[in-house]
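Peer 1:
Numbering (my numbering), first residue to last: 804 to 879.
Set out below in structure tokens:
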């Protein structure tokens, strides 16, 4: 990393709880960002490239939720 020391709780249970909370937060931010991008007309490949994943991975993770939210999805 960039030499910045990251504080880690002394108790393993606390450290792991922090990791789980950060993962939930990251997922929520990703969900909102993907929805925003798709509503703005981005394609699956554009979203995938921005996230550093495959088009298939981003589609599998987000398509059902976006359709349920009423987002019009582009084919490509």
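Beta carbons: idealized from backbone N, C-alpha and C, even for Gly.
(1) So which of 819, 825, 847 and 852 has the shortest CA-CA distance to residue 878?
(2) Assign residue 847 to one of three DSSP states: helix, strand, or coil.
(3) Check whether the segment 851–860 and the segment 816–831 touch, using three or more Cβ-Cβ pairs below 8 Å as the test.
(4) Between the C-alpha atoms of residue 810 and residue 816, what's the straight-line distance to the nearest angstrom?
(5) DSSP three-state label for residue 872, please.
Peer 2: In terms of the structure at hand:
(1) 847
(2) helix
(3) no
(4) 15 Å
(5) coil
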